[in-house]
Each structure stands twice: as structure tokens, then as C-alpha cells.
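These notes are about the structure you will find just below.
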Amino acid sequence: MSGWDRGETYSADMHIADAPESVRILVSKCDAFFESFRNKNIFPYREMIRRNTNLGLFMVEIEMEHIFVYDETLGDVFLREPNMLVPMLETAACGLAKRMCETEEEESVITGFQVLVRSSLSLTPIHFLSSHHIAKIVRISGIVISVSTCLLRPQIIYAVCRSCMSHVTVSSKHAFGGISLPRTCQGTGSVAETKGIPCPLDPFVVVPEQCTFVDQQVIKIQELHETIEPGEMPCTITATINRTLVNKLAPGTRVVATGVFSTTEGRNANKTVRMPYMNIIHIEETESSLSHRTQVWSEEEEQLFLQMSRDKDIYAKIAASIGPSIYGNEDIKRAVACLLFSGSRKALPDGIRIRGDINVLLLGDPGTAKSQVLKFAQKIAPISVYTSGKGSSAAGLTASVIKGPTGGFYLEGGAMVLADGGVVCIDEFDKMDEEDRVAIHEAMEQQTISIAKAGITTVLNTRCAVLAAANPAFGRYDEMHTSCENIDFPATILSRFDMIFIVKDEHIVAKDITLAKHVLATHMEIKTDAQSESEIDTKTLRNYIAYARGKCAPRVSPEAAAKLGAHYVAIRNDVRKQELENNERGAIPITVRQLEAVVRIAEALAKMALLPVATEEHVEEALRLFRLSTMNAVASGHTVDGILRPEAIREIERVEKEIRRRLSVGSSVLYTSLINQFAEEKQFSETSIMRAVDIMVRQGKLVLHNKRKVLIRQF
1317 MSGWDRGETY SADMHIADAP ESVRILVSKC DAFFESFRNK NIFPYREMIR RNTNLGLFMV
1377 EIEMEHIFVY DETLGDVFLR EPNMLVPMLE TAACGLAKRM CETEEEESVI TGFQVLVRSS
1437 LSLTPIHFLS SHHIAKIVRI SGIVISVSTC LLRPQIIYAV CRSCMSHVTV SSKHAFGGIS
1497 LPRTCQGTGS VAETKGIPCP LDPFVVVPEQ CTFVDQQVIK IQELHETIEP GEMPCTITAT
1557 INRTLVNKLA PGTRVVATGV FSTTEGRNAN KTVRMPYMNI IHIEETESSL SHRTQVWSEE
1617 EEQLFLQMSR DKDIYAKIAA SIGPSIYGNE DIKRAVACLL FSGSRKALPD GIRIRGDINV
1677 LLLGDPGTAK SQVLKFAQKI APISVYTSGK GSSAAGLTAS VIKGPTGGFY LEGGAMVLAD
1737 GGVVCIDEFD KMDEEDRVAI HEAMEQQTIS IAKAGITTVL NTRCAVLAAA NPAFGRYDEM
1797 HTSCENIDFP ATILSRFDMI FIVKDEHIVA KDITLAKHVL ATHMEIKTDA QSESEIDTKT
1857 LRNYIAYARG KCAPRVSPEA AAKLGAHYVA IRNDVRKQEL ENNERGAIPI TVRQLEAVVR
1917 IAEALAKMAL LPVATEEHVE EALRLFRLST MNAVASGHTV DGILRPEAIR EIERVEKEIR
1977 RRLSVGSSVL YTSLINQFAE EKQFSETSIM RAVDIMVRQG KLVLHNKRKV LIRQF
């Protein structure tokens, strides 16, 4: 391992003439490489250095393969000793830039040049990095999970002796830790010459004004979830980026990085144990939040996708390919298909952006395959993150500010930041704490997360769809309660979901027989003919989704928009009438957000067929899905077409009258005893008794005490 990696000190006045012959040869080859490398009668690096210098950008990006083409020996040295050759290349590039300057003033501005080396080496998984890779070039891929603030790393330290005023310059390329100053002074200052008194131990004082610093950031790169085996923990590695690479990355960015695998001292007392890190010499974004737009497809793949888009049954086939082992729930599968393809993101002239991602909430009874739908969506989406409500905090879903080992603060992205450009699946959504759920309001609608903590003020992108699953307030959906009572979510979060499905476990004999046959066939690995004909394999479907999201951005046609506007007005009127008849506001508000939701669904349907325009047919299907999901949820519960059944109202009134007759003001009774007595003596249904009690509690006539076990009449 070379001294550059170990952070050793060097004298700034060391000349190339004093170096070994082999080093001088390498230096001359580096100079000649930038001067004379030619590609099709063009000197690319000479022109790049000239252009970047004129722009004030002191960097040059080279291809590692070009080093081998120019001089194979130079390329071998680069692979074996990158810590030695990279500084030589930077010195050569800086020298060439200075020679190109026309005036001394222009030359004085150039204090250093950064060389970025792009490589096509095979990717090394992060968990495979070991002692064999130390001080070698490695190339990794992953997702940036944290980025520190910009730090100033000393490159050349200027120190003065307190006694004789002699000065010394010390340089270091070490990414972490400080620089060791000489403990003794070898100078010949006035004190040493006149009195012969040697300088004391540790005489040097750093003069910050004369020092040279470079910008540096510390980032953490984590393995991609889709590249590791199920059950394995994704590994992370600390990396450093400096100079022109600083402030170019944010948490959630997917990157391919080339750098030198190095070590530094550990944080514990055992100094012999080294901590690995990576000194990055080139990094590029790949599969970032909008990766599918830049992904390159082969001609055969494009022909396959175009052929699929011409199929008139492509919508039905895609929906049938969503969770093929899950029986029924066809409309939920269609909604998930729309979520995966998404609508079109729009940027308005005034700078406002309208999201194109579709959010879906599955609310229903246990055992209705909600989690299985989430798992399949996470598997099929090109970019996805799966998390559970109780295991997710506000910081875990959005972003957190972490204090680093140096005392500085840096950002670490949460699930929604890491899923930028894809899908985040949140199971057990109802088990989340209310404070944590409020934190994702901005992330769901504006698709950004604003951070203002510990001196860090920034905005992170969360351009992802949210697929959430939850249980009703009573564990199971109770038809004798209204939607307000069953759906225990505030209107602020419900309005951000484009589709809300109520999933009920209905006891129908014919359906149970068919479901049992399907489940048993799945366990016996028997595939039905219908599944064989309609399913698209997972890999093809994932690629088709990525292709459609990258190549197609449909808009609603004027005719379809007019039809949609008329339907929206009618829906609002229906909801207003229902609220007036029930004398209460609905649990799910119908606002302009729901109009935009139908637009997104229609655009997603058009995108499945790679069409540039969403037609009236797409709007009709989007309205059908919206009515079956959100509008059904609005009208669900102890209602028929949104109105309480007359016989249920009369029974509830009789229960209230009986409670007032039996309980005098100030008296109490056990809740369970009241239910049992009324059910046995008066033949009241349990749901009517519970609903009557709930109404009287809301009116203040009754109060529940002792964990809802005791009822006390107030008046």
C-alpha cells in the first residue's frame, strides 16, 4: 500500500530529478498521454483540458481503456498502483493546462487539476470486497443512503516554527484524519545561528491562510435490494468524493462508482484494526429516480414491447399477471397495474409540478391477500422498497439527520427517498403512529421532503408511488358502522390516495368453494389454462413497465377531458346529497385531488398500450375503477346507497330509548352486561346496541370509563 493511502507526509520541494528512474519515466508518459493521445485524428484530452480551463472547471475525465491503448505498461501500473499514478496524471494535466495559458495571470489561477477515470471493469459486489482489493481499483454499484455536508480537507499545510520562524510545507492525500507535522525543526533561523540554541520539540504552528484545502464529502453507498439474496442484509461502504464531485449527489441516487479500495484507522482503541473505505475517482448516476428514461434497450426488446402494445387485450393480460397466485381481486390487480405504469408527471409554466405517480390504499379484513399484493408489486417494480408500518418511523420513511464521527451532520435517506422513481410498499399502515404518518403528507402529494434540522436545510425528492395496506378500526370491516367509524384515518391522508379499496372477506359458499380449489391447486403447483394463456413472465413485465414509463407520457384528449369534467361534477353532487341525508361529513373527501387521480389513472391505462393520448375509453375505465374503489368506500358501512336502512334506524332508536329507561342519570353498568341483557331480553342485535351506545357517547349522554368497560349516564 502506497504512502498516498496511508496518509504519510511529503516535502513540497521534492523534485522529479531526485526520484528514481522508473518514476521519472512514468511522469513523462503521463505528460505524453495528455499531449499526444489521439482518437480518430482528434486530441480529445488536450481539447477537454483547454475547454474546461476556459470554463474555470479544473478537471478532465479520461477512459481507463485509453490508457491501455496508449501504453499498456502505463495501464498495468494504473491497475497495480492507482494511488501512485493518479497524482501523476493530475500533475501532468495541471502542467498542460498551465502551458496552454496565454498570460501569467491565467496560469496563476490554476492551482490543481482533478482527473476522473471512467472504467468498464466488471462490477464487484460490496459484500465481496476484502483484503485482496486493498489499494486496487474497484467498481461498485449501489444506492447513496447518506451524504455529509461539504468538508474542507487539508491538501498542503503551511507551518512556521515558533522559535526560528522557519517554515515547512506538508502535503497529504489521506481522506480521513489529520496530518502529522515534524516534531523537530531543521531550520537555520536567526535564533539558531546567533545563539546556537536548538528549537524546542513540536515547534511548528499551522498558518491557515497559507494552507491549501480541497472540498470533500463523505457518502455511504448501500447494495441494491434487487442484487442481494433474500434474507441477506445489504452491505454498505463509506466513500469519499472531492473537488468537482462534491454536492452532486443526494440520498436515494443510484450510482456506479470507480475508486481505490483503502483503509483508515478504526474508531475504537485498537489501532491495528483498519476500517475500509473507498476513495472515488469517478462516479455516475444510473437507475436514479428517472433511470428508465435513459435506459438503453436492444432492437429485439423494443420490437417485443411494440408487439405487446398492439395487443388489444394487453390491459387484461397485465392485470392477470399481477399476483397470478392470488384468487379474485381483479379490480385491485388492475389498480396495481395502473400504479406500476403511473400517469404523466407535468411541469406547469409557473414552476408548479403535478405528480404522475398513483397512490393506492387497500383497507380490509385480515386474510384477504393485501400483503401478498404488496409483496408482488415490490417484486415487479423496477425500483421498490417494502416496509411495515410498526417498523417504520417518520425518519425511517422520509430522512434523518445523523451526526458523523467528525462531529458534523449529514443526511440519511429513508424508504421514500430510496424508492425515488419507483414504488414504496407500506404494510400495516394503520399500525403507524399518527405523528409518523403526518410526516409523509408532503412526500405523497408534493413528492418532496423538506429538511431543516441541525443547520441542514434542503429538499429531497420522493417521486414514488405509495401502495399501502391497512386494517379497519375494528380489525374487521363492520357493515353496521359507517365508513367514518371503520376508516380510522384523517381526511388529510385519505385525500392523497387516488384509489381506496375496501377488501371484505365475504362468506359466500360458491366463492369459498372456488377459492379453496384455487388455493389447493397453488399448493399442488397446478397451473390453470387461463393463467398460462394470460400471464406475462415477471422479467418481461418489469422491463415493459420500465420501457413504458421511460418512452411514453400520454395526455388526456379534449373530448375525454370534457367527459371527465362532467362526471366529476356529478360525483361531487352525489357526495353532497349523501352528506346532507346522513347529516355528517364523509370519511373520504372528494376534492380536486380525486379529479387529478382519475386523470392519472386514464394516463396509466393509455401508457400500457404505449399510446400518446388517453381517449374517452380510457377515461371510462378510470372512472369505473374510481367508483369501485374510492366511491364505494365513501358509501360503505351501515348503509344502502349511502343511506341508513330504515329498519336499522328504528332498532337503534328503540335501543337508545331502553338505555334511557334502564339507566338513571349518574348510574353505571358494565358494557358487556348491557349488551348481553339487551340481546337476550329484547332480541336487539349486537351491532345495533353498539351503534346506539356510540351515538349516545358522541352526544355526551353516556361516558365510557375503565378502558371502555363501564358505561355511565351523564344526562
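For the sequence shown, my numbering assigns the number 1317 to the initial residue and increments by one for each residue that follows. Glycine is no exception: its CB is placed at the ideal position from the N, C-alpha and C atoms.
query                                                                                                                                                                      : result
Buried or exposed for LEU1622, going by 16 or more other Cβ atoms inside 10 Å?                                                                                             : exposed
Classify ASP1821 as buried or exposed, calling it buried when 16 or more other Cβ atoms lie within 10 Å of its own Cβ.                                                     : exposed
In angstroms with no decimal places, state the Cα-to-Cα distance between GLY1707 and GLY1411.                                                                              : 56 Å
Tell me THR1907's beta-bridge partners as DSSP assigns them.                                                                                                               : Paired residues: none, contrary to the question.
Beta-carbon within less than 6 Å of ASP1804's beta-carbon, same chain only, minus the 5 sequence neighbours each way: which residues are those?                            : ALA1789
Under 8 Å Cβ to Cβ from THR1988, same chain only, skipping five residues before and after it: list those, please.                                                          : LYS2025
Where in the segment 1911-1944 do unbroken runs of the alpha helix (DSSP H), each at least 4 residues long, occur, reported from the N-terminal end onward?                : 1932-1942
Please confirm whether VAL1754 and THR1764 have their CB atoms less than 7 Å apart.                                                                                        : no
Who are the Cβ neighbours of VAL1985 in its own chain at under 7 Å, not counting the five residues just before and after it?                                               : LEU1979, LEU2027
On the CB-based measure, 16 or more other CB atoms within 10 Å of its CB, does ALA1913 come out buried or exposed?                                                         : buried
Could you compute how far the alpha carbon of ASP1627 sits from the alpha carbon of LEU1926?                                                                               : 11 Å
HIS1443 and PHE1577 look like a contact to me (Cβ under 8 Å); what is the Cβ gap, rounded to whole Å?                                                                      : That belief does not hold up - the Cβ atoms of HIS1443 and PHE1577 are roughly 13 Å apart, past 8 Å.
Measuring CA to CA, which of GLU1646, PHE1529, ALA1711 is closest to ILE1461?                                                                                              : ALA1711
Would you identify the three-state DSSP class for LYS1820, choosing helix, strand or coil?                                                                                 : coil
Count the other CB atoms within 10 Å of the CB of GLN2030; is the residue buried (16 or more) or exposed (fewer)?                                                          : exposed
Quick check on the burial criterion: 16 or more other C-beta atoms within 10 angstroms. Buried or exposed for GLY1575?                                                     : buried
Please report the Cβ distance between ALA1573 and VAL1523, rounded to the nearest whole angstrom; I am assuming they are in contact, meaning their Cβ atoms lie under 8 Å. : The Cβ separation is near 35 Å, so there is no contact.
Closest to ALA1918 by CA distance: which of SER1658, GLY1644, GLU1351, GLU1600 is it?                                                                                      : SER1658
For a minimum of 4 consecutive residues, which ranges assigned as the alpha helix (DSSP H) are wholly contained in the segment 1785-1814?                                  : 1799-1802, 1807-1810
Confirm, please, whether the CB-CB distance from THR1552 to GLN1538 is below 7 Å.                                                                                          : yes
Taking the beta strand (DSSP E) that SER1984 belongs to, which residues open and close that run?                                                                           : 1984-1986
For LEU1390, collect the residues of the same chain with a Cβ closer than 6 Å to its Cβ; drop the 5 residues on either side in sequence, then sort them by chain order.    : LYS1345, ILE1383
Pick helix, strand or coil for TYR1860, following the three-state DSSP scheme.                                                                                             : helix
For GLU1270, count neighbouring Cβ atoms within 10 angstroms of its own Cβ and tell me buried if that reaches 16, exposed if not.                                          : Absent from the model: residue 1270. The displayed extent of the chain is 1317 to 2031, so no value can be given.
Quick check on GLY1672: buried or exposed, where buried means 16 or more other Cβ atoms within 10 Å of its Cβ?                                                             : buried
How is ARG2029 classed by DSSP in three states: helix, strand or coil?                                                                                                     : strand
Could you tell me which residues DSSP puts in a beta bridge with THR1485?                                                                                                  : TYR1474
What residue range is occupied by the uninterrupted beta strand (DSSP E) comprising LEU2018?                                                                               : 2018-2021
Name the DSSP beta bridge partners of CYS1417, please?                                                                                                                     : Bridge partners of CYS1417: none, in fact.
Which of the three DSSP states is assigned to ALA1846 in this structure?                                                                                                   : Bear in mind that a pLDDT of 44 at ALA1846, under 50, signals an unreliable position, so the number given afterwards is only what the model happens to contain. If DSSP states are grouped into helix, strand and coil, ALA1846 belongs with the helices.
Straight-line CA distance for MET1416 to PHE1350?                                                                                                                          : 12 Å
Using only the alpha-carbon positions, how far apart do VAL1929 and ALA1877 sit?                                                                                           : 11 Å
Does SER1464 have its Cβ less than 7 Å from a Cβ in chain B?                                                                                                               : You won't find chain B in this structure, because it holds only one protein chain.
Cutting at 8 Å between CB atoms, please list the residues of its own chain near HIS1598, excluding the five before and the five after it.                                  : GLU1377, LEU1432, VAL1433, ARG1434, SER1435, ALA1573, THR1574, GLY1575
By Cβ distance, which residues of its chain are closer than 7 Å to THR1554, with the 5 residues on each side in sequence left out?                                         : VAL1534, LYS1536, TYR1593
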